[in-house]
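S.K.: First residue of the sequence shown: 5, per this note's numbering; consecutive thereafter.
Even for Gly, the Cβ is constructed at its ideal location relative to N, Cα and C.
Everything numeric in this text was worked out from a predicted model, so none of it was measured.
Please see the structure below; I have some questions.
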Amino acid sequence: MERQNKTKFIFVTGGVCSGLGKGISSASIGAILKSANYKIFTLKLDPYLNIDPGTMSPYQHGEVYVTDDGTETDLDLGHYERFIDTNLSKLSNITTGQVYQSVLSEERKGKFLGKTIQIIPHITDRIKEHIYKAAIDSKTDILIIEIGGTVGDIEGEPFLEAARQIRIEQGYHQCLFAHVTLLPYIKASNETKTKPTQLSVKELLKRGITPDIIIARTETKVTKEAIEKISMFCNVKPEAVIPAPTVKIIYEVPVNFEKSGISKIIYKHLHLTHQKPNLNSWNKVLNKIKKIDKKVTIGLIGKYTENIDAYLSVNEALKSACYHHNLNLNLIWIDSVKLEKNDRSEINKLKKLDGLIVPGGFGSRGIEGKIKAAKYARENKVPYLGLCLGSQIMAIELARNVAKLKNANSEEFDPKAKNLIVHFLPGQSEDRKKGGTLRLGAYPCIVKKGTKAYQAYQTNKISERHRHRYEFNNDYQEILEKAGLIISGDSPDHNLMEIIEIKNHPFMLGSQFHPEFKSRPLRAHPLFLNFIKAADKYKNKK
Ligand code: GLN
């Protein structure tokens, strides 16, 4: 297979078990190389059969991350965008389901001229085509490709085979394989074991792939002996074993990798001229965070409590905004279902909060609990940030309790409700960017001067990412404005309300879009920044 440009490829695989942080490892490698002025693009190969994670349960798969072009992707893309500070696209994520779907639809059209369709070469070729297309279209110097799952999983085989073939096609020094493994610690013998790593490298070797770097995840320290052992039995130089102890703050990962000399190994293997990575801004943030001694308490009202992955970007955006204001984030989970059932201890938790966040969500479970939380925030003037569903909740609460509109609801939760404050906008689905009825991806928004939103953004033209089916019902605009609603952002044609606020409240703002997707560790999102600022002010006044 031909490829025109000179992109270098870094494949990141995982061994021993899942959940080791391959995504963060890939993102950290990207951050390091980007800081050395290389152009970086990333691609996540997901071995599961779903077409995309759009319909997968957040319990199983964590949040669905949405890119500017409206692709519903894996949460690892969030890590990549945040760490590498780049905007990714539909080229950045493929699943086994997509690969099979595209090959099989061509088979139905007779494109294979009666040939037998096989995993090798047809599925593997399609994977390679996608990887090469991502390399060419993104015009990147280095393409980082994370292969999901663990080496040895049946689903992952075609991806590993495609990666092996790419190294043959492109040449040994065009491709680098970094393998992320686990060094378990055995308390009884006080030892960190390398055998699982050795065995997982053997699995890779069986598939014709020799790793060039081993990223050794551990809960303790990686000893010199362990490094030597891994080096000897896994066929890599000792300097190519990068210790990756668990860290408190994920921004430490790129800094630690570089301290262990990862860029030198990469440059040497890929025959790149050594441009020194500059991780000053990461170091600065880390030093700042280590000195923080104050905190702010934010309640996250949701139904997937204690599940950080389900609200990963929200949590990251909150943390970045807190760090900016020299605060630590004390996140309290509030179960909207318990709140709905008037659970005392859940209601009491509200009193401890300096700010409330109602994130995005689908389905009616826990909705009444979220409405109660919004009422509490409005009446007690506690800062509130509503993200997508959270903004719809805000409008419904105001409609019910201030405008006194009986039975106010969203079409999603009660299609027969008398006052549908939030509804499915007829005629809107045709021009939506992708199939289905969700409004997905980046849309422009005009921010009104003199509002809290304008104070945050300091500009009137913004673009933010959406992922929702329902919209505010403009028929209720006037009555809600009379009740104290401010429409502080809308679409350029003024048909879609995009940001709302509550009058005479220190900070109660909801956005129909998801600002969390565009927050970056070194550049926190303006809405999150001003929400945290308001929460801090509220805390100091309490
Ligand atoms: N369920 C709501 C809708 O579809 C909100 C979606 C979300 O919060 N992302 O409009």
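Please state whether the Cβ-Cβ distance between GLY27 and SER317 is less than 8 Å.
M.R.: no
S.K.: Rounded to a whole number of angstroms, what is the C-alpha to C-alpha distance between LYS438 and ALA446?
M.R.: The pLDDT assigned to LYS438 is 43, lower than 50, so where the model puts this residue is not dependable; a value taken from the coordinates is nonetheless given after this. LYS438 and ALA446: Cα-Cα distance of roughly 12 Å.
S.K.: When you compare each of LYS465, LYS456 and TYR480 to GLY1 by their alpha carbons, which one comes out closest?
M.R.: The requested residue 1 is not part of the displayed model; the chain covers only 5 to 546.
S.K.: Starting from the C-beta of GLU434, find all residues in its chain whose C-beta is less than 8 Å away, skip the five residues before and the five after it, and write them out in chain order.
M.R.: With a pLDDT of only 49 at GLU434, under 50, the local geometry of the prediction cannot be trusted, and the value read off the model is given with reservation. Counting only residues of its own chain and dropping the five nearest sequence neighbours on each side, GLU434 has no CB closer than 8 Å to any other CB.
S.K.: Answer with buried or exposed for HIS134, where buried requires no fewer than 16 other C-beta atoms within 10 angstroms of its C-beta.
M.R.: buried
S.K.: In chain order, what residues of the same chain lie with their CB nearer than 6 Å to the CB of VAL20, ignoring the 5 residues before and after it?
M.R.: THR185, LEU186, PRO200 and SER204
S.K.: Could you have a look at VAL386 and say whether DSSP puts it in helix, strand or coil?
M.R.: coil
S.K.: Let me make sure I understand the geometry here. Which of GLY365, GLY364, GLY390 and GLU383 has the alpha-carbon closest to that of LYS355?
M.R.: With distances taken between Cα atoms, LYS355 lies closest to GLU383.
S.K.: Would you call the CB atoms of THR75 and ASN91 closer than 8 Å?
M.R.: no
S.K.: If you reduce the DSSP assignment to three classes, tell me which class PHE547 lands in.
M.R.: One cannot answer for residue 547 here, as it falls past the ends of the chain, which runs 5 to 546.
S.K.: Quickly, what does DSSP pair SER467 with across the bridge? List them, please.
M.R.: Residue pairing from DSSP places SER467 in a beta bridge opposite PRO448.
S.K.: If we ignore side chains and look at the alpha-carbon of each, how far apart do ARG436 and LEU444 end up?
M.R.: Caution is warranted here: a pLDDT of 47 is assigned to ARG436, below 50, making its placement in the model unreliable, and no coordinate value can be reported.
S.K.: I'd like the list of long-range same chain contacts for GLY160, defined as Cβ closer than 8 Å, with 5 residues on each side in sequence excluded.
M.R.: PRO51, ILE151, GLY152, GLY153 and THR154
S.K.: Are VAL426 and ASN478 touching if we call contact CB-CB under 8 Å?
M.R.: Going by C-beta atoms, VAL426 is not nearer than 8 Å to ASN478.
S.K.: According to DSSP, simplified to helix, strand and coil, what is LEU513?
M.R.: strand
S.K.: Is any heavy atom in the ligand GLN found nearer than 7 Å to the beta carbon of HIS472?
M.R.: yes
S.K.: According to DSSP, is PRO249 helix, strand or coil?
M.R.: strand
S.K.: Pull up the CB-CB distance for PHE532 and LEU322, whole angstroms please, since I reckon it's below 8 Å.
M.R.: 6 Å
S.K.: For GLN396, count neighbouring C-beta atoms within 10 Å of its own C-beta (all shown protein chains included) and say buried if the count is 16 or more, exposed if not.
M.R.: buried
S.K.: Determine the direct distance from the alpha carbon of PRO215 to that of THR11, and round the result to whole angstroms.
M.R.: The alpha-carbon atoms of THR11 and PRO215 are separated by roughly 19 Å.
S.K.: Apart from the five residues just before and just after LYS241, which ones in its own chain have a Cβ nearer than 7 Å to its Cβ?
M.R.: Cβ within range, chain order: SER235.
S.K.: Measuring CA to CA, which of VAL341, PHE163, PRO525 and GLU173 is closest to LYS374?
M.R.: VAL341
S.K.: Does the ligand GLN have even one heavy atom less than 7 Å from the beta-carbon of GLN122?
M.R.: no
S.K.: Assuming ILE490 contacts LYS465 (C-beta within less than 8 Å), just tell me the rounded distance between them.
M.R.: Going by Cβ atoms, the distance from ILE490 to LYS465 rounds to 19 Å, so no, they are not a contact pair.
S.K.: Inspect the beta-carbon positions of PRO363 and PHE535 and report whether they are closer than 8 Å.
M.R.: no
S.K.: DSSP three-state call for GLY101: helix, strand or coil?
M.R.: helix
S.K.: Would the beta-carbon of LEU333 fall within 8 Å of that of VAL289?
M.R.: no
S.K.: Mind checking LYS420: buried by the 16 CB within 10 Å criterion, or exposed?
M.R.: Exposed, because fewer than 16 other Cβ atoms sit within 10 Å of the Cβ of LYS420.
S.K.: Taking just the CA atoms, how far does LYS385 sit from GLY18?
M.R.: 48 Å
S.K.: Going by the beta-carbon positions, is the gap between ILE266 and ILE36 smaller than 8 Å?
M.R.: yes
S.K.: With hydrogens ignored, establish whether the beta-carbon of GLU416 is closer than 7 Å to any heavy atom of the ligand GLN.
M.R.: yes
S.K.: What do you reckon, is the C-beta of LYS365 under 7 Å from a heavy atom of the ligand GLN?
M.R.: A quick correction: the sequence has Gly, not Lys, at residue 365. Taking non-hydrogen atoms of the ligand GLN into account, the C-beta of GLY365 is found less than 7 Å away from one of them.
S.K.: Hey, how far is the Cα of ASN194 from the Cα of CYS326?
M.R.: Distance between the alpha carbons of ASN194 and CYS326 is about 38 Å.
S.K.: If we count Cβ pairs, one from each stretch, closer than 8 Å, do we get three or more for the segment 30–47 versus the segment 163–174?
M.R.: no
S.K.: Residues in its own chain within less than 6 Å of ASP358 by CB, not counting five upstream and five downstream?
M.R.: VAL300, THR301, ALA539, TYR542 and LYS543
S.K.: Are ALA31 and TYR84 touching if we call contact CB-CB under 8 Å?
M.R.: yes
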